[in-house]
Amino acid sequence: MAQRPDIIVVTDLAKSFGDNRVLRDVDLTIKEGEVVAIIGPSGAGKSTFLRCLNKLEDVTSGHVVVNGHDLTSKETDLDAVRQDIGMVFQHFNLFPHMSVLENVMLAPVELRRGPKDEIRRQAMALLARVGLEEKADARPAQLSGGQKQRVAIARALAMKPEIMLFDEATSALDPEMVGEVLEVIRTLADQGMTMVLVTHEMGFAREVADRVVFMADGVIKEQGSPEEIFDRPQDPRTQDFLSKVL
Numbered sequence: 000m001a002q003r004p005d006i007i008v009v010t011d012l013a014k015s016f017g018d019n020r021v022l023r024d025v026d027l028t029i030k031e032g033e034v035v036a037i038i039g040p041s042g043a044g045k046s047t048f049l050r051c052l053n054k055l056e057d058v059t060s061g062h063v064v065v066n067g068h069d070l071t072s073k074e075t076d077l078d079a080v081r082q083d084i085g086m087v088f089q090h091f092n093l094f095p096h097m098s099v100l101e102n103v104m105l106a107p108v109e110l111r112r113g114p115k116d117e118i119r120r121q122a123m124a125l126l127a128r129v130g131l132e133e134k135a136d137a138r139p140a141q142l143s144g145g146q147k148q149r150v151a152i153a154r155a156l157a158m159k160p161e162i163m164l165f166d167e168a169t170s171a172l173d174p175e176m177v178g179e180v181l182e183v184i185r186t187l188a189d190q191g192m193t194m195v196l197v198t199h200e201m202g203f204a205r206e207v208a209d210r211v212v213f214m215a216d217g218v219i220k221e222q223g224s225p226e227e228i229f230d231r232p233q234d235p236r237t238q239d240f241l242s243k244v245l
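Numbering (numbering that gives the first Met the number 0), first residue to last: 0 to 245.
Put into structure tokens, the structure is as follows:
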């Protein structure tokens, strides 16, 4: 089988907020179509790292290269690179005055990604893909938390990204709604989408991820297959964390 190309290459990444060093010496390469789950304790720098991958956070030092574009270079057109990166946050950030369909259509319409009728058709197809076609005319206030998060995923997919970033996409949801969101993410993984997930759902990380990365204290302590990390962790910090959450 042909070797999959590298789509994200992070080298010597560091990020500080004032005197607080949140990330240091982070190296990570992600291949096209790979699903990488990032786990670790609160305050480990996981979400900050994820936000560096589309430069929502400025990088203090080091390099983040996405699809061959160095996000730390002044020559890089960040807006163009970001169009290939979808992001789903912990909180849904839907526009309350717009319908579900309008929320999904907004970015492609604003960026003139084709005739409006075609964008509408594609948006309806995405809502069907996340199981919410019948909610197209509803407002976000009429949806459950799980439904809002599925709309947020459809909205991110509307730009046809090559990479999806999920920042604890289920942590604000009631437990019974977590499954419906994870099912959508699982389907994307089956379809070959490149994904980086910051998650507290250890069972899901074990099942869906090709690779699990354990972060603590702003560094990557250990990474490997789900079996290696969950069944045979080598680093004492990983062992200690997993003994408390599994």
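For each residue, glycine too, the CB sits at the ideal point set by N, CA and C.
Since the structure is predicted, the reported quantities are computational estimates derived from the model, not experimental observations.
DSSP three-state assignment for residue i, whether helix, strand or coil
i, result
"N102", "helix"
"A135", "coil"
"T59", "coil"
"D116", "helix"
"E227", "helix"
"G85", "strand"
"M239", "Sequence check: residue 239 is Asp here, not Met. Three-state result, D239: helix."
"V150", "helix"
"T47", "helix"
"Q2", "coil"
"E167", "coil"
"F203", "helix"
Nearest-angstrom Cα separation, counted from residue j out to residue i
i, j, result
"K45", "K134", "33 Å"
"I29", "I7", "5 Å"
"N102", "A153", "9 Å"
"R138", "A171", "19 Å"
"D11", "V63", "9 Å"
"A208", "I162", "14 Å"
"G42", "V218", "11 Å"
"S271", "V87", "The first residue shown for the chain is 0 and the last is 245, placing residue 271 beyond what the model contains."
"V129", "R149", "6 Å"
"Q141", "M176", "15 Å"
"M104", "A204", "30 Å"
"P40", "K73", "33 Å"
"L110", "G85", "15 Å"
"V34", "P160", "15 Å"
"G145", "P174", "10 Å"
"V25", "V9", "7 Å"
"P264", "E132", "Residue 264 lies beyond the residue range present for the chain, which begins at 0 and ends at 245; the question has no answer from this structure."
Same chain, Cβ closer than 8 Å to residue i, neighbours up to 5 away in sequence not counted
i, result
"P107", "G113, I118, Q121, A122, A157 and M158"
"K147", "F91, L93 and P139"
Spatial neighbours of residue i in its chain, beta-carbon cut-off 7 Å, leaving aside the 5 residues before and after
i, result
"T47", "K14, V21, L22 and E56"
"K115", "V108"
"C51", "L12, K14, V58 and V63"
"G32", "R3, G191 and T193"
"L266", "In the structure displayed, the chain extends from 0 to 245; residue 266 sits before or after that span and is not available."
Nearest-angstrom beta carbon gap, residue j and residue i [assumed within contact, 8 Å]
i, j, result
"T198", "I38", "7 Å"
"E221", "D239", "The Cβ separation is near 12 Å, so there is no contact."
"L196", "A36", "5 Å"
"E206", "T169", "Not a contact, Cβ separation roughly 14 Å."
"Q89", "D166", "6 Å"
Spatial neighbours of residue i in its chain, beta-carbon cut-off 6 Å, leaving aside the 5 residues before and after
i, result
"A151", "V87 and F91"
"R236", "A215 and K220"
| So, do the region 75-85 and the region 94-101 have three or more beta carbon pairs nearer to each other than 8 Å? | no
| request: Inspect the CB distances between the region 8-25 and the region 182-196 and report whether three or more fall short of 8 Å. | output: no
| query | Within the chosen definition, does the region 162-182 reach the region 208-215 through at least 3 CB pairs nearer than 8 Å? | reply | no
| query | Between the region 66-76 and the region 220-236, do at least 3 Cβ pairs fall closer than 8 Å? | reply | no
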